[in-house]
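**Student:**
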Amino acid sequence: MPVEVTITDLSPCRKQLRIEIDAETVNAKFDAVAKDFRRHAHLPGFRPGKAPLANVMRSYGDKIGEEAKRTLMSDSYAKALKENELRPVIMPEVEELQFGHGKPFQYLATLEVTPAFELPEYNGLEVEKERRTVTGADIDKALDTLREQRVSYTDVDRPAGEDDFIVVNFTGTIDDKPITDLVKVARGLTEQKNYWLNAKQNPLIPGIVEGLIGISKGDKKTVTVTIPDGFIYEELVGKEAKYGIEIVQVKEKSLPELDDKFAKGFGAESMDKLREGVENDLKNELEYSQKKSVRNQCVDKLLSSVTCDLPETIVNEATRVGVHNIVQQNHQRGVGNEIIEENKDRIYANAKADAEVRVKANYILSKIAEKEGIKVTDQELSRQVASLAAQQKIKPQKLAQQLKDNGTLSQVQEEIMNAKVIDLLEEKAKVTEIDPKPEVVHNHSHELGHDH
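Residues in the sequence shown are numbered consecutively from 0, following numbering that gives the first Met the number 0.
(1) Assuming E129 contacts P435 (C-beta within less than 8 Å), just tell me the rounded distance between them.
(2) So, for H445: in the same chain, excluding its five sequence neighbours on each side, which residues have a beta-carbon less than 6 Å away from its beta-carbon?
(3) Measure the C-alpha to C-alpha separation of N442 and I226 and round it to an integer number of angstroms.
(4) Per the DSSP calculation, Q191 is bridged to which residue(s)?
(5) By the DSSP assignment, the alpha helix (DSSP H) with D377 in it spans what residues?
(6) From E414 to L124, what does the alpha carbon distance come to, in whole angstroms?
(7) Quick check on the DSSP output: what are the complete alpha helix (DSSP H) runs of length 4 or more inside the stretch 192-275, in order along the chain?
(8) Where does L16 sit, in a helix, a strand or coil, going by DSSP?
(9) Name the DSSP bridge partner or partners of L107?
(10) May I ask which residues mark the beginning and end of the beta strand (DSSP E) holding E161?
(11) Does P11 come out as helix, strand or coil in the three-state DSSP assignment?
(12) Quick check: what's the CA-CA separation for E251 versus A240?
(13) Secondary structure at V55, three-state DSSP: helix, strand or coil?
(14) Using the beta-carbon count (16 or more within 10 Å), is N315 buried or exposed?
(15) Is the CB-CB distance between E161 and I244 below 8 Å?
(16) Counting pairs of beta carbons, one from the stretch 361-371 and one from the stretch 404-421, are three or more of them closer than 8 Å?
(17) If you follow the alpha helix (DSSP H) that I313 is part of, which residue opens it and which one closes it?
(18) With R57 and G48 assumed to form a contact (beta carbons below 8 Å), what rounded beta-carbon distance in angstroms separates them?
(19) Can you tell me which of R332, E379, L309 puts its alpha carbon nearest to the alpha carbon of K351?
(20) Can you say whether K68 is buried or exposed, counting buried as having 16 or more other CB atoms within 10 angstroms of its CB?
(21) With distances taken Cα to Cα, identify the nearest neighbour of V32 among K140, L107, L71.
(22) Report all residues from its chain with a CB closer than 6 Å to the CB of G206; omit the five preceding and five following residues, and keep chain order.
(23) Compare the C-alpha of T132 against each of V25, N283, E209 and name the closest.
(24) Which value, in whole angstroms, describes the spacing of the CA atoms of I89 and I433?
(25) For C297, I'd like the list of residues in its chain whose CB is within less than 7 Å of its CB, leaving aside the five on either flank, ordered along the chain.
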């Protein structure tokens, strides 16, 4: 079928195709469709398949025209994509310009396509792996974490120390006005009852605990703090907040002894067996962490080597999913809708930045998969669905149907494909062992914006 295609670039990933099919081809398609209709047409005075085409056209003209248009559009669009090496990411927006028997068929198809870019060299990517081992100190630290899971608290009648928890009632003001006058949703900063504080943990109000060390149950005190940079409510940064505090109770923290009784509480026969199990767990975690770091570095190297525009529709959908995940995670952490609404711009900006990275990585990995002939088998897809079903405690067949119904089975397939490509990158990477870098401690107590 002869097809004339004119392409207009609306943006790097958005194209408009003007497609024209000559009148002769249109007429031939009308005749072919009319003949198909004639085989089954029941017209007065004629046996099926014997009526003149003119009679068939008069009786079924509209339906014949619609079918002719549908097949002409489908065939010409597919041919235009193939001849111009275009890969659409969504269904096109179609505007009919002209169609009819005896006329050329003209229409516009606006579509978004996958980005065009050259693959960088991906064999032998240079990455680093920290030279780490599990030490006795690491095991001791992990055991201390287990002790914290069995912690108990006892009320004490003495001044509070740094290791104690202090239960308080408080009210907060800035310039003698409730903090909610400045930020309406900051009710948790304005007043709390029976609020637990500890000097060694990140409190809701930075700097408040230091002013309480040495005071006892029943004491009252006013503590002044300056709201630091990076605080969740930017409007309060740099302002002095005064807190009227009443000490409800001082609680002493008690940790269990590391003995066989403690070990049995975690399913180990003895303390030696628990220590051995903790060491094995830490070794597995270290191996996983190092492997993950190498794989992430491989992808990061490719991301930094490729510059390309991305389809807006795909980025927007990935951003929408990212925002949903961030909101859900914050709800699970107990963050209220008011605080989320207050931070919606930051949440959206972070979700979009994350989406752009993920979408770009997907295109790069997909292109490598195509070049290397890497495919996802039915068995691999079935195994992954079965694994996901086990996590959700439902039957694999039920989950597979759900994934098909909501259109996300292809995402599972994409994840498997990406993992196989990254396996290849990891296998061929040039890994240099380096001394461990100093650990950077992050304060995540006020982070709302990222999908973890």
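Every residue, glycine too, gets a C-beta built ideally from N, C-alpha and C. Note that this is a predicted model, so its numbers are computed, not measured.
**Tutor:** Considering the structure as presented:
(1) Within the sequence shown, numbered from 1, the residue matching residue 129 stands at position 130. Within the sequence shown, numbered from 1, the residue matching residue 435 stands at position 436. That belief holds up - the Cβ atoms of E129 and P435 are roughly 5 Å apart, short of 8 Å.
(2) Numbered from its first residue, the sequence shown carries residue 445 at position 446. Because the pLDDT at H445 is just 44, under 50, the model does not fix this residue reliably, and the value given afterwards should be weighed accordingly. So the qualifying residues of the chain are I231.
(3) Along the sequence shown, one-based indexing puts residue 442 at 443. Along the sequence shown, one-based indexing puts residue 226 at 227. Reliability of the predicted coordinates at N442 is poor, the pLDDT of 44 falling under 50, and the value obtained from them is presented with this limitation in mind. One C-alpha to the other measures close to 15 Å.
(4) What you label residue 191 is simply residue 192 of the sequence shown in a count that begins at 1. Q191 is bridged to F169.
(5) The residue given as residue 377 occupies position 378 in the sequence shown. Looking at the DSSP string, the run of the alpha helix (DSSP H) that includes D377 is 377-391.
(6) Residue numbering aside, residue 414 sits at position 415 when the sequence shown is read from its first letter. Residue numbering aside, residue 124 sits at position 125 when the sequence shown is read from its first letter. Taking the straight line from one Cα to the other gives about 21 Å.
(7) 259-263
(8) The residue given as residue 16 occupies position 17 in the sequence shown. It is a strand residue.
(9) As a first step, residue 107 is located in the sequence shown; it is residue number 108 there, counting from the start. Note: L107 sits in a beta bridge opposite R17, E94.
(10) Working through the sequence shown from its first residue, we reach residue 161 at position 162. That residue, E161, is in no beta strand (DSSP E); it is neither H nor E in DSSP.
(11) Taking the sequence shown and counting its residues from 1, the one referred to as residue 11 is at position 12. Residue state, collapsed to three classes: coil.
(12) In the sequence shown, residue 251 corresponds to position 252, counting from 1. In the sequence shown, residue 240 corresponds to position 241, counting from 1. If you take the alpha carbons of E251 and A240, they lie about 28 Å apart.
(13) Translated into positions along the sequence shown, residue 55 becomes position 56. Helix.
(14) In the sequence shown, counting from the first residue as 1, residue 315 sits at position 316. Its Cβ having fewer than 16 others within 10 Å, N315 is exposed.
(15) The residue given as residue 161 occupies position 162 in the sequence shown. The residue given as residue 244 occupies position 245 in the sequence shown. No, they are not a contact pair.
(16) yes
(17) Start at 1 with the first residue of the sequence shown, and residue 313 comes out as number 314. Its alpha helix (DSSP H) spans residues 311-331.
(18) Translated into the one-based positions of the sequence shown, residue 57 becomes position 58. Translated into the one-based positions of the sequence shown, residue 48 becomes position 49. No, R57 and G48 are not in contact; Cβ-Cβ is about 17 Å, not under 8 Å.
(19) For this step, residue 351 is matched to residue 352 along the sequence shown. Checked all of R332, E379, L309; the closest Cα to K351 is L309.
(20) The residue given as residue 68 occupies position 69 in the sequence shown. The residue is buried, with at least 16 neighbouring Cβ atoms inside 10 Å.
(21) In the sequence shown, residue 32 corresponds to position 33, counting from 1. Among K140, L107, L71, the Cα nearest to that of V32 belongs to L71.
(22) Position 207 of the sequence shown, counted from the first residue, corresponds to residue 206. If we look at G206 and ignore the five residues flanking it on each side, its Cβ neighbours are V224.
(23) On the sequence shown, residue 132 is found 133 positions in, with the first residue counted as 1. For T132, the nearest C-alpha among the options comes from N283.
(24) For the purposes of this step, residue 89 is identified with residue 90 of the sequence shown, where counting begins at 1. For the purposes of this step, residue 433 is identified with residue 434 of the sequence shown, where counting begins at 1. Each residue's Cα considered, the two are about 45 Å apart.
(25) As a position in the sequence shown, residue 297 is number 298, starting the count at 1. Cβ neighbours of C297 beyond the five flanking positions: L124, V126, I421, L424, E425, A428.
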